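The structure appears below as structure tokens.
4 protein chains.
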Amino acid sequence: MEFEYSQKVKDLQVKLTRFMEEHIYPNESLYEEQLDKHDRFAVIPQVLDELKHKAKEAGLWNLFLPESEYGAGLTNTEYAPLCEIMGRSAIAPEVFNCAAPDTGNMEVLVRYGSDEQKEQWLKPLLNGDIRSCFSMTEPDVASSDATNIQTSITKVGDEYVINGTKWWSSGAGDPRCKISIVMGKTDPDASRHEQQSMILVPLDTPGVTIKRMLPVFGYDHAPHGHAEIEFKDVRVPVSNLIWGEGKGFAIAQGRLGPGRIHHCMRTIGAAERALEELCERVSEREAFGKKLADQGVVREWIADSRIEIEQARLLTLKAAYMMDTVGNKEAKSEIAMIKVVAPNMALKVIDRAIQAFGAAGVSADQGLAAKWANIRTLRLADGPDEVHRRAIAKYELAKSQERREMHARERTF
Amino acid sequence: MEFEYSQKVKDLQVKLTRFMEEHIYPNESLYEEQLDKHDRFAVIPQVLDELKHKAKEAGLWNLFLPESEYGAGLTNTEYAPLCEIMGRSAIAPEVFNCAAPDTGNMEVLVRYGSDEQKEQWLKPLLNGDIRSCFSMTEPDVASSDATNIQTSITKVGDEYVINGTKWWSSGAGDPRCKISIVMGKTDPDASRHEQQSMILVPLDTPGVTIKRMLPVFGYDHAPHGHAEIEFKDVRVPVSNLIWGEGKGFAIAQGRLGPGRIHHCMRTIGAAERALEELCERVSEREAFGKKLADQGVVREWIADSRIEIEQARLLTLKAAYMMDTVGNKEAKSEIAMIKVVAPNMALKVIDRAIQAFGAAGVSADQGLAAKWANIRTLRLADGPDEVHRRAIAKYELAKSQERREMHARERTF
Amino acid sequence: MEFEYSQKVKDLQVKLTRFMEEHIYPNESLYEEQLDKHDRFAVIPQVLDELKHKAKEAGLWNLFLPESEYGAGLTNTEYAPLCEIMGRSAIAPEVFNCAAPDTGNMEVLVRYGSDEQKEQWLKPLLNGDIRSCFSMTEPDVASSDATNIQTSITKVGDEYVINGTKWWSSGAGDPRCKISIVMGKTDPDASRHEQQSMILVPLDTPGVTIKRMLPVFGYDHAPHGHAEIEFKDVRVPVSNLIWGEGKGFAIAQGRLGPGRIHHCMRTIGAAERALEELCERVSEREAFGKKLADQGVVREWIADSRIEIEQARLLTLKAAYMMDTVGNKEAKSEIAMIKVVAPNMALKVIDRAIQAFGAAGVSADQGLAAKWANIRTLRLADGPDEVHRRAIAKYELAKSQERREMHARERTF
Amino acid sequence: MEFEYSQKVKDLQVKLTRFMEEHIYPNESLYEEQLDKHDRFAVIPQVLDELKHKAKEAGLWNLFLPESEYGAGLTNTEYAPLCEIMGRSAIAPEVFNCAAPDTGNMEVLVRYGSDEQKEQWLKPLLNGDIRSCFSMTEPDVASSDATNIQTSITKVGDEYVINGTKWWSSGAGDPRCKISIVMGKTDPDASRHEQQSMILVPLDTPGVTIKRMLPVFGYDHAPHGHAEIEFKDVRVPVSNLIWGEGKGFAIAQGRLGPGRIHHCMRTIGAAERALEELCERVSEREAFGKKLADQGVVREWIADSRIEIEQARLLTLKAAYMMDTVGNKEAKSEIAMIKVVAPNMALKVIDRAIQAFGAAGVSADQGLAAKWANIRTLRLADGPDEVHRRAIAKYELAKSQERREMHARERTF
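Residue numbers (full-length UniProt numbering), protein chains in the order written: chain B, 1 to 413; chain P, 1 to 413; chain W, 1 to 413; chain X, 1 to 413.
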């Protein structure tokens, strides 16, 4: 039991924090300004490329890939506190090539991709030259239950033909987004968890149509955005299938573990920044002749926020530690726990900060409302809270069952 | 103690509900479509005028004005359940000429306006020909403490000169918005609550500049919007002052009572509709082989939502009843209570509905996210929850003090 | 819609409040002292009889019985605010012959009892000469599901033979407790809700054994107490059956409505008194150089308590009003709501008061801990919160279903 | 960052768990039965001595004392998971000589006691021959503010004379309790934190009177209990003073750190056991034709309980780790956090278990109600939640201030 970051991590924290202060925070509003006024999905703010270049030069690049020849070789536990720092700014993760859904997609390709797939898609992704999206959720069914998925992937000759509609394919609005990993069914008659497959579909393939970009609480999240995509008789070579037919569910399980934990880490960073802003606000703002910090419930907010952040951080680190030591599968209850804890915690902290900022809190002036809206989606993305809570309970009830059986056996002897 | 609406109210509920179902709900998306794509503040959707015409014809017009020669002569208690119905749709209140901030402004003019002011501004407002805004909140100070207000209203000859910056002047984006009621200080040296005055400022007066429209969680709320307005050496005739110098605080107190309660009524309607949508969703959507309604925590959500709505409605009705019977001032603790209760309740109910709708809930497809964002502002508008809670506690502590003094007196004899 | 108590009720409130202040509060600790030190169930504190005598003389007797020749002729709506006042003191309800479970039992006898049963048991109960208990809950099954009940009531000749074990028969510890209404199955093969019957069993019948008294959070609630009772081959004449075979479930439904609402009313009174004590405490106690009332979260506690009490009271009054106007059955969703709301609300308010009183709050010095423990049982008695929430949700989902069917019909034409 | 217990700790966990299963759990009810029926404070259940003997033999003795020649040499971090296991049973801590308030008192004597004091009091305490109490809280003042303390310790010749009344001196009811550490003021005119001193007062000193034992929610917690003690002209030799005059506050700070964290550890064990019992109950109990585990909100309870326990445990371990590595003083914000988190968490978990057990939950049959009541006191003991939250907030605001000053300095250059 050791609660200190290693020296290597501490050094990277310092370096990353300095980079954030020198390059990221001062450019947040510039990024927003450089978006095209008429078509916010048309161009990528120029400052982004400059920042990516700087991050690469500084060696702050691809920190997310654990135990891999491609990444920085950090464990999940080591990456966690760094990912948290990146999560403090909405524009930061991409600067360090650590943004969703690319990180998850790159993990899939590293683990399950063929050499050809790696060459064609992993390489430019690792290099930050292109971006990618992940097409799993469908509008007409509860997609948290993967067996509901309706998109079909049918083998015809040496091609797969894909038909279906996906939505919430995040990042698909980005002009640099070239490839999607699409989840669909290759065999609806196989056993429950072997019906699904994942396949690589270049977005310029005929039959792929972006129907619309979906807003989140009024935000378009341009230039990345969240797309509804129609796949109509889309044909790709059989070599585009990842790993093998029927492996979709297994890949999803493997992909979602790290993906979920990255979201949680970033969420903790966002909450930490909101708490800093809250403390600053209440130390400076006065009403009724006293600083807000000296009034009513404000200090309870601060204390509860600190307590909640601290606990969420520790649980996230533990989940990361278990992923590193016993594997994503064994860590699944812990991953489910932080998947529930982190967004709910951050929403509470940010909501308190909004309340402290008053009208400025709900507008664009503080960024708090945008942050809140973004994190609100994480109570649904990759499965709603309710599904994760159920998984945790199932695991507890199974442990309880084991205990009862063990005691029954003991009583027999 | 009687918990039934009068026959008059029941008839109006039926009439209004029918109007909503025939004319409002089916036109909600058309309204959105008729907004100008390039400048969403440029035009008013044509369907609005058609609906206003129909509402006027149906006698569903100006229902909000209690005990007045101008309105429908309903008490607050009678208006409450009708206002609730209007609150079910974001576009409804204006259709019936019952939208904020016009209702509050009309109340001010009815109560405190001169004949000239009534003729010039109240008449077209009652007629639905123009719209208005209310400029009280300022960006640089905690405006929940009215003594913080910095805008100055200085008498120079037969004019008042206004200087200051206001924000969250809701409705100022509307091209039909012609007039603002502006709160400022005429005498910074007067006693705490007699420094402020209110004055009528036509928006086309030289020196009035709309600096920007403020978004709410990514929504622009066009075409009304929330404006930041600069008043720079703005000159209006002395006759534009409402009631008299130093009466600003008193008018605000009078105005905010009904204004707050209207917001609460509408909020209850919004929550009620969200609960209906939630029930419908979970009755139809399946996951893991069962209707959502038959899973986990969903029925707790429904029961708690019903319980919370019901309680908030009763408290709102009681507050309205007290306004009608003992006056806005005596009802101030009850008004403060519903000001805290109604938005917080609705946010919980809508958040549950969002969760039940999954990804559709956070996007524009259900309207739930927009509703949530809109109501989130009500925890801040007209004073944050914290200020209202403090007022309630102050009142309770005063009652406690009285009880102790009474008992002390009794013990003496 | 009218939120004022009638003059009749107001007069009774004044009278009752004066009685509480003159006779009840000053004798609360005397009552406790008069309990036998060695066998707390042995004697009834003498002061109780004196107080009952005074209450009868003052005409404050049997106020609970609505629309009946026997009681005071108050409606549930009229009784509610009076019952609330009685709920302020644990010893008060019995003083006015309005204590559970006697009130529920008397209602059963008034509604469903034969003339003989009324003569023998209702009369002395109305007179306050004896007390009674209600034996429904069983230790081995989830009794919130009445079909689980295992006690058998078997007709043998002109007697019924009763076998089974009941617990939480409240009041059975009282030496004056002479009679129990026992719920059991007369016909396990009848349809789900016609298997049960209720029967009158005098506690001195052979075969009736009080096995033990059950504590509640360490309290014995002497001299009434909560008994576990064994019924072993207990024989009573067939005329002891209430209403008829198979009517047990129907009687329970009828009995529990008023019973539940009385508990809720009393609970509101308990919360109201706790809030008064909290306000007094924080106005007088100092720490860190300031009154507690001027520190941190204390005023939030007060405001939230006031808000929660007020809402619970209104909902309880509405439920009472519906029982009076449309009947207990139609009011069942409202009754379920207050059954959930009132105890949970009171537990929160009292817990805050405990916190304000510090160590004194958890001990016997303030009575707050005892009050909390007592009310905690109400989240379980007559069905746990979860069962009531489920009933409310079921009702909402049925309404939703109706709406959908109606709209479908409308669309067809 | 390492989330695994050391092999040494794991071995002790196994050993301790086995001891609990073989010796503690099977004797819990026997312990209760062996209490004297008439005077529950008269005798110590015999089974206790037998168990203590066994624990000593097994080497499971005095595990709590970190870095000391006297104890087992475990760090706080190592002791935490063991203390948690002991916390699963109310009778366990004393069996292992790890019960409050003895542990805290022994820590005080180890750190600050003179050789003579160690010989006379520490030795028999370490040996489990006598017990002790700690007299700090006073009935008439808010004792969370140590400057309020009114008990006086006045030097007269070569004696100190003690006058004052203390309450909540836990353990003073135990016939083996021989000594109290009493906090009082030696110099009311010294600076705020140097007025207080601590002194050893044998309970058989003339002038020491146990006025009464205080119940906690109806429980007497016999044979230990919580005493109100009067100290009237109590005279002890000057050598009984601990460390020196004016050191009382410093000792309290040192004492309370470990004391608080031990309570938290035990609380986590209590919650863990409650969750186990909850899982077992809902797996076995049926209602409405289904296991409770398959109904409504039950799995949410389980998942949330697991999440909350896990987070509280990690935060407690981190606080222990900081106490070990940077010292109790530097760890004060973390200690304050777990002081708030652990009891509140456990109360929620146990309350859910109570609800799952229904009527059995509030009685003595499950031990849940007793556990709840006991832990409820921990939201007050050693300072109420509110005081600890304030301390956390103060620390956060100070960090915020530092950040702002640093940025201001940076901007200057």
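Note that beta-carbon positions come from the ideal geometry of N, C-alpha and C, so glycine has one too. Just so we're clear, the structure is a prediction, and the values are computed from it rather than from any experiment.
Asked, Found
"How would you call B/K166, buried or exposed, if buried means at least 16 neighbouring beta carbons within 10 angstroms?", "buried"
"Taking C-beta pairs closer than 9 angstroms, name the residues in chain W that B/V297 reaches, listed in chain order.", "G296, V297, R299, E300"
"Run through the DSSP bridge pairs and tell me what X/G184 is partnered with.", "X/S197"
"How should X/T17 be labelled, buried or exposed, when 16 other C-beta atoms within 10 angstroms of its C-beta is the threshold for buried?", "exposed"
"Assuming P/S305 and W/Q401 are in contact, meaning their beta carbons sit under 8 angstroms apart, how far apart are those beta carbons, in whole angstroms?", "Actually they do not touch by this definition, with Cβ atoms about 17 angstroms apart."
"Going by DSSP, name the residue or residues bridged to W/S152.", "W/N163, W/K185"
"Among P/H53, P/E107, P/A319, P/A42, whose alpha-carbon lies nearest the alpha-carbon of P/L65?", "P/E107"
"Applying the criterion that 16 or more other CB atoms from any shown protein chain within 10 Å of the CB defines a buried residue, is W/F134 buried or exposed?", "buried"
"With a threshold of 6 angstroms on Cβ separation, who are the neighbours of X/E300 within its own chain once the five nearest residues in sequence on each side are excluded?", "none"
"Could you work out which residues of chain B lie near X/K318, taking near to mean beta carbons separated by less than 7 angstroms?", "F3, L314"
"I'd like the span of the alpha helix (DSSP H) that includes W/V236, first residue to last.", "It is not in any alpha helix (DSSP H) - W/V236 instead sits in the beta strand (DSSP E) that spans 226-237."
"Out of X/I307, X/K52, X/V362, X/E396, state which residue places its alpha-carbon closest to the alpha-carbon of X/A336.", "X/E396"
"Output yes if chain P places a C-beta closer than 8 angstroms to the C-beta of W/D404; else output no.", "The residue you asked about is not Asp; residue 404 of chain W is Arg in the sequence shown. With 8 angstroms as the cut-off, W/R404 counts as an interface residue toward chain P."
"With a Cβ-Cβ cutoff of 8 angstroms, do P/S170 and P/P223 count as a contact?", "no"
"Pull up the distance between the alpha-carbon of X/A303 and that of B/S333, whole angstroms please.", "10 angstroms"
"Hey, could you find the ends of the alpha helix (DSSP H) W/R212 is sitting in?", "Taken as a continuous stretch (DSSP letters only), W/R212 belongs to no alpha helix (DSSP H), being part of the beta strand (DSSP E) at 208-213."
"Taking the alpha carbon of P/R352 as the reference point, which residue from P/I261, P/K371, P/K399 has its own alpha carbon closest?", "P/K371"
"Among W/A398, W/Y321, W/H407, W/L378, which has the Cα closest to the Cα of W/T75?", "W/Y321"
"In or out: P/A408 buried (at least 16 other Cβ within 10 Å) or exposed?", "exposed"
"Return the residue from the list W/E2, W/Y25, W/T412, W/E32 that minimises the CA-CA distance to W/H221.", "W/E32"
"Going by DSSP, what residue range makes up the alpha helix (DSSP H) through P/C83?", "76-86"
"Which residue or residues does DSSP assign as beta-bridge partners of X/R131?", "X/C177"
"What's the C-alpha gap between P/D39 and B/H263?", "36 angstroms"
"So the alpha helix (DSSP H) X/E33 belongs to, where does it begin and stop?", "28-33"
"From the DSSP output, which residues share a beta bridge with W/K291?", "W/E286"
"Could you compute how far the alpha carbon of B/S114 sits from the alpha carbon of B/A80?", "28 angstroms"
"For the alpha helix (DSSP H) that contains B/Q46, what are its first and last residues?", "46-57"
"Could you check the C-alpha separation between B/P175 and B/N240 for me, to the nearest Å?", "22 angstroms"
"Three-state secondary structure (DSSP) at X/L241?", "strand"
"Out of curiosity, what's the CA-to-CA distance linking P/L51 and W/M86?", "54 angstroms"
"Let me know the secondary structure DSSP gives X/P202 once reduced to three states.", "strand"
"Closest by CA to P/R212, which one among P/P202, P/I229, P/P206?", "P/I229"
"Can you tell which of W/L30, W/G71, W/T147, W/L275 has its C-alpha closest to the C-alpha of X/A287?", "W/T147"
"Please report how far the alpha carbon of W/D204 lies from the alpha carbon of W/Y219, in whole angstroms.", "26 angstroms"
"What does DSSP give as the partner residue(s) for W/S169 in the beta ladder?", "W/A227"
"Report the three-state DSSP secondary structure of P/Y219 (helix, strand or coil).", "strand"
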